[in-house]
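In the numbering used here, the protein residues as written are 334 to 789.
Taking it in order: structure first as structure tokens, then the write-up.
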Ligand code: SF4
């Protein structure tokens, strides 16, 4: 997964992009980058690590111009390199091209082979680089038509920000897998993966970039181009469940509202009568636990405290790193848990490693009974569209029954929300959402690029 941010028409474009990326840090912590464009001259900064470590205020001063775009990235282990950090910036016969991508192209290997066969030389292992090459080869003169030409035949998930000289372009794939919002700030146009990044720079949300839409912004104004729009849409429901920040709106709906509704539905489907209280695995499950509490009448407690200086366990590249970080990241509150029957709400169980570690922590703190409730259905397949869930063999629910999972993670009872319950709870549901990792129904062929090379 990745976060993207762009702005056109502001004297402090690079500084605001840097600020906006801070709100998208949760979408990627392995590398970050910013490109600015100044009267046809592009400059870029890319670095490994989180934003605070990556860029100094002095370095930002070198990014001149009224147009900028930025990217925060996570990947799996193999591709966590500076070569694969985005945004990419290349020179071509028509000037320069910059690109920031959130998503995963499912036919990138075929496209890459075709380009290499006709002489292209790639500088990274990213799927997104095929878009850059196709842009450079496009014949259209208008930047938005150039991008439309480059995107022809590209399959899979993409929310894109592209810079062609001083024109900023935003685009979403026709299925609308990944979010992309548009805002305005003192006459400047702003784009961001989530609206929380508009908030931090003081921009006002205008609307989402529509699935299949290209928006071009430059000194002459704003132009839009609608590519074919796919039906049904495949907006990623996991953005609402886990990935996006609760203070954001994605796909036009409140993430906090979605999570509360998921928690209420979970309590209807899997109540826990006789339990003393409910608590969240913080932070992404806080709103779901609140919803569960409201629906069930069980009090909400803060029984696990999260250390905010450790990254998300879910996106740590190696298993060894994940194991160690569970303990570093969470600490139980013994005074609350001792002797109690408790409901622990989490948004998902992926490998089961983190959950098993958490249940052990809660029991060691004295909990008498642990009832686990999960605000997404069992994950039975990988994501092919931009969230790097592991292969099927590592997904606990793909390899064990629910009873076996309960036994493995060490709980007294385990209840997952149903697929229909989840889709009915999110805003603008139940149709038009991707549920492939939960249902096993994929709307495209499997990607031919190895997961470690996915862009995010
Ligand atoms: S497969 Fe799952 S995580 Fe991936 S886009 Fe679909 S719902 Fe989202």
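Note that the Cβ used here is the ideal one computed from N, Cα and C, for glycine as well.
For residue 462, the number of other beta carbons within 10 angstroms of its own is at least 16, and it is reported as buried. The three-state secondary structure of residue 373, taken from DSSP, is coil. For residue 744, there is no enclosing alpha helix (DSSP H), as DSSP marks it with neither H nor E.
These are the residues, in chain order, with a beta carbon less than 6 Å from any non-hydrogen atom of ligand 1: 510, 569, 570, 571, 716, 718, 720, 767, 768, 769 and 770. Each residue's CA atom was taken as its position, placing residue 370 and residue 630 some 55 Å apart. For residue 470 and residue 419, the gap between their C-alpha atoms comes out near 21 Å. In this structure, the beta-carbon distance from residue 504 to residue 493 falls below 8 Å.
Taken through DSSP and simplified to helix, strand or coil, residue 457 comes out as coil. Bridge pairing for residue 587: 582 [DSSP]. When DSSP reads this structure, residue 568 sits in a beta bridge with 766. If you draw a straight line from the Cα of residue 421 to the Cα of residue 574, it comes to about 30 Å. Judged by their CB atoms, residue 677 and residue 703 are nearer to each other than the 8 Å cut-off. Boundaries of the alpha helix (DSSP H) harbouring residue 629: 619-629, taken from the DSSP string. Of the other Cβ atoms in all chains shown, fewer than 16 fall within 10 Å of the Cβ of residue 415; this residue is therefore exposed. In the assembly as shown, residue 435 is a buried residue. Its beta-carbon has 16 or more other beta-carbons within 10 Å.
Taking residue 433 as the centre and dropping the five residues before and after it, the same chain places the C-beta of 337, 402, 404, 419, 420 and 494 closer than 6 Å to its C-beta, in chain order. For the pair of segments examined, the region 533-553 was found not to touch the region 744-753: the number of CB pairs separated by less than 8 Å stays below three.
Contact check for residue 507 against residue 556 fails: the beta carbons are separated by 8 Å or more. Under the DSSP assignment, residue 515 falls in the beta strand (DSSP E) whose first and last residues are 514-518. Following the DSSP letters along the chain, one finds residue 542 in no beta strand (DSSP E), marked with neither H nor E.
For residue 400, the enclosing beta strand (DSSP E) stretches over residues 400-406. CA-CA distance, residue 635 to residue 666, rounds to 8 Å. A Cβ-Cβ separation of about 21 Å leaves residue 341 out of contact with residue 379 under the 8 Å criterion. Between the C-alpha atoms of residue 716 and residue 464 there is a straight-line separation of about 21 Å. When the alpha-carbon of residue 662 is set against those of 627, 540 and 642, the nearest one is in 642.
For residue 338, the three-state secondary structure derived from DSSP is strand. Rounded to whole angstroms, residue 350 and residue 520 show a C-alpha spacing of 16 Å. Ranked by Cα distance from residue 576, the first of 565, 591 and 698 is 591. By DSSP's assignment, residue 634 forms a beta bridge with 612. In the DSSP annotation of this structure, residue 489 is not part of any alpha helix (DSSP H); the continuous beta strand (DSSP E) holding it starts and ends at 489-497.
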